[in-house]
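J.: Taking the numbering used here, the leading residue of the sequence shown gets 2, the next gets one more, and so forth.
Backbone N, C-alpha and C define an ideal beta-carbon position, used for all residues, glycine too.
For clarity, every value in this text was computed on a predicted model and none was experimentally measured.
The structure under discussion is supplied below as C-alpha cells; questions concerning it will follow.
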Amino acid sequence: MTKLSVNINKIATLRNSRGGNVPDLLKVAKDLQNFGAQGITIHPRPDERHIKYQDALDLMSIVHTEYNIEGNPVKKFMDLVLQIKPTQVTLVPDADDALTSNAGWDTIKNEDFLMDIISECKRNNIRTSIFVDPVIGMIEGAKETGTDRIELYTEEFASQYALGNKKGINNYIEAAIKANELGLGINAGHDLSLDNIRFFKENIPDLLEVSIGHALISESLYLGLENVVNMYLQKLK
C-alpha cells in the first residue's frame, strides 16, 4: 500500500490568518495520525508565512509516524533539518517568494550542490528525496546525487487529468520505470486529489508515498478530515 503523508501547511495558514492557536496545528497533526495517515509533511519557507520554524520543532514530539520536511536547502532550512533529524527531507528548489512549488530540480546542473546536501543528510541518518519533473534525464541525474528517493512533481498530470487527458500520465510512468531500474524509491506530490489519486496510484509502479495537502484540506471542509483521510487510504490500497 502506498503511504499517505498529509501536508499540514494549510492548517498553519488558517491559524496565522487570525493569530492565536486556532486551529491547533499540533492537535491536527496528532488527529491525522490517529485517523490513519502514515506521515506528516511540512514545508517551512523563509518568511514563515504558514509553517513556522518553531512549529517544526514542536512537531518532533507529536509525529510518531513518518516526519517529512520539505524545502529549499538553504542554510537556515538545513540547520533546522539537522536539529530535528526527521524521517525524510524532501529537497525542493522553490524561490523564497514562490507561492507554491512550481518546478523540479535540474539534477544535472545542480548535481554537486545536491550531492553535498544529501551526503550531510545521510551522515545524520535522514532519508532524502529530490523533487523532480518526470524527465528521464532528471531521474538519471538524481541517481548520481546519491538520493534515496525522488518525488515526482505531479501538477502537469493533475492538470491533464482534469481536462480528461489520461495520457498525461505517460511521462510519469516512464519516469517511474526508470527510477525503479536505478533503485530509486518513488514518492509523488502536488495537486493530487480524491479525483485523480486512484488513477495515478494504479499506473505508477512501486509508488511508495504521496504527500497531499491543499486538496485534502480543501476536501475536508465538505467531507470532514477523518472521512477524507480514510477515503485516500482506500484509494491508495
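My output table needs one value for T66: the three-state DSSP class, helix, strand or coil.
T.: Start at 1 with the first residue of the sequence shown, and residue 66 comes out as number 65. Coil, per DSSP.
J.: Mapping the DSSP letters down to three states, classify I9 as helix, strand or coil.
T.: Along the sequence shown, one-based indexing puts residue 9 at 8. I9 falls in the coil class under three-state DSSP.
J.: Roughly how far, in whole angstroms, is the beta-carbon of Q55 from the beta-carbon of S6, given that I think they are within contact range, below 8 Å?
T.: Reading the sequence shown from its first residue, position 54 is the one you call residue 55. Reading the sequence shown from its first residue, position 5 is the one you call residue 6. No, Q55 and S6 are not in contact; Cβ-Cβ is about 21 Å, not under 8 Å.
J.: Using 10 angstroms around the beta-carbon of N8, count the other beta-carbons present and answer buried if the total reaches 16, otherwise exposed.
T.: Working through the sequence shown from its first residue, we reach residue 8 at position 7. Buried, because 16 or more other Cβ atoms sit within 10 Å of the Cβ of N8.
J.: Could you give the first and the last residue of the continuous alpha helix (DSSP H) run that contains A30?
T.: Against the sequence shown, residue 30 aligns to sequence position 29. Annotation for A30: the continuous alpha helix (DSSP H) segment containing it runs 26–36.
J.: Quick check: what's the CA-CA separation for I182 versus T42?
T.: As a first step, residue 182 is located in the sequence shown; it is residue number 181 there, counting from the start. As a first step, residue 42 is located in the sequence shown; it is residue number 41 there, counting from the start. What sits at residue 182 in the sequence shown is Glu, not Ile. The C-alpha of E182 lies about 27 Å from the C-alpha of T42.
J.: Pop quiz: L127 and V82 are said to be a contact at Cβ under 8 Å. What is the actual Cβ separation, rounded to whole angstroms?
T.: In the sequence shown, the residue the question calls residue 127 occupies position 126. In the sequence shown, the residue the question calls residue 82 occupies position 81. Correcting the residue identity first, residue 127 is Ile in this sequence and not Leu. About 7 Å separates the two Cβ atoms, so the contact holds.
J.: Between H215, R46, R150, T146, which lies nearest to M79 when the distance is taken from Cα to Cα?
T.: The sequence position of residue 79 within the sequence shown is 78, counting from 1. Residue nearest to M79 within the set H215, R46, R150, T146 is R46 (criterion: CA-CA distance).
J.: According to DSSP, is A104 part of a helix, a strand, or is it coil?
T.: Translated into the one-based positions of the sequence shown, residue 104 becomes position 103. Of the three classes helix, strand and coil, the one that applies to A104 here is coil, per DSSP.
J.: Would you decide whether D134 is buried or exposed? Buried here means 16 or more other CB atoms lie within 10 Å of its CB.
T.: Along the sequence shown, read from residue 1 onward, the residue named residue 134 stands at position 133. Buried.
J.: Could you tell me if K77 is buried or exposed, where buried requires 16 or more neighbouring beta carbons within 10 angstroms of its beta carbon?
T.: In the sequence shown, the residue the question calls residue 77 occupies position 76. With fewer than 16 other Cβ atoms within 10 Å, it is exposed.
J.: Quick check: the Cα distance between K123 and G147, rounded to an integer number of angstroms?
T.: Translated into the one-based positions of the sequence shown, residue 123 becomes position 122. Translated into the one-based positions of the sequence shown, residue 147 becomes position 146. Cα to Cα, the separation comes out at about 9 Å.
J.: Short check: CB of A189 to CB of E220, under 8 Å?
T.: By 1-based counting over the sequence shown, the position of residue 189 is 188. By 1-based counting over the sequence shown, the position of residue 220 is 219. It is not a contact, given that the beta carbons lie outside the stated cut-off.
J.: DSSP state of K4, grouped into three classes?
T.: Stepping through the sequence shown from its first residue, residue 4 is reached at position 3. Note: K4 maps to strand in three-state DSSP.
J.: Might you give, ordered along the chain, the residues of its own chain that have their beta carbon closer than 6 Å to the beta carbon of V136, omitting 5 neighbours on each side?
T.: Your numbering for residue 136 matches position 135 in the sequence shown. The answer is none, since no qualifying residue turns up.
J.: Apply the 10 Å Cβ neighbour rule to K179 and answer buried if 16 or more other Cβ atoms are within range, or exposed otherwise.
T.: By one-based count along the sequence shown, residue 179 stands at place 178. Buried, by the Cβ-count rule.
J.: What are the partner residues of F132, as DSSP defines its beta bridges?
T.: What you label residue 132 is simply residue 131 of the sequence shown in a count that begins at 1. Its beta-bridge partners are E152.
J.: Compute the distance between the beta-carbons of H51 and N10, then report whether it is under 8 Å.
T.: In the sequence shown, the residue the question calls residue 51 occupies position 50. In the sequence shown, the residue the question calls residue 10 occupies position 9. It is a contact, given that the beta carbons lie within the stated cut-off.
J.: From G105 to N171, what does the alpha carbon distance come to, in whole angstroms?
T.: Stepping through the sequence shown from its first residue, residue 105 is reached at position 104. Stepping through the sequence shown from its first residue, residue 171 is reached at position 170. Near 17 Å, if we compare the C-alpha coordinates of N171 and G105.
J.: Can you give me the C-alpha to C-alpha distance between I131 and T155, rounded to a whole angstrom?
T.: Residue numbering aside, residue 131 sits at position 130 when the sequence shown is read from its first letter. Residue numbering aside, residue 155 sits at position 154 when the sequence shown is read from its first letter. So the alpha carbons of these two residues sit roughly 13 Å apart.
J.: F158: which of S120, T129, R199, A143 sits nearest, CA to CA?
T.: Here residue 158 refers to the residue found at position 157 when the sequence shown is read from its first residue. Here the closest residue by C-alpha is R199.
J.: Buried or exposed for P74, please, with buried defined as at least 16 other CB atoms from any protein chain shown within 10 angstroms of its CB.
T.: Reading the sequence shown from its first residue, position 73 is the one you call residue 74. Classification of P74: buried, given that the 10 Å Cβ count is 16 or more.
J.: CB-CB under 7 Å to E227, same chain, minus the five flanking residues each way: which ones, in chain order?
T.: For the purposes of this step, residue 227 is identified with residue 226 of the sequence shown, where counting begins at 1. Contacts found: F36.
J.: Given this structure, state the Cα-to-Cα distance separating N204 from Y173, to the nearest angstrom.
T.: Indexing the sequence shown from 1 puts residue 204 at position 203. Indexing the sequence shown from 1 puts residue 173 at position 172. Straight-line Cα distance between these residues: approximately 9 Å.
J.: Where does Q84 land, buried or exposed, given buried means 16+ other C-beta within 10 angstroms?
T.: What you label residue 84 is simply residue 83 of the sequence shown in a count that begins at 1. That one is exposed.
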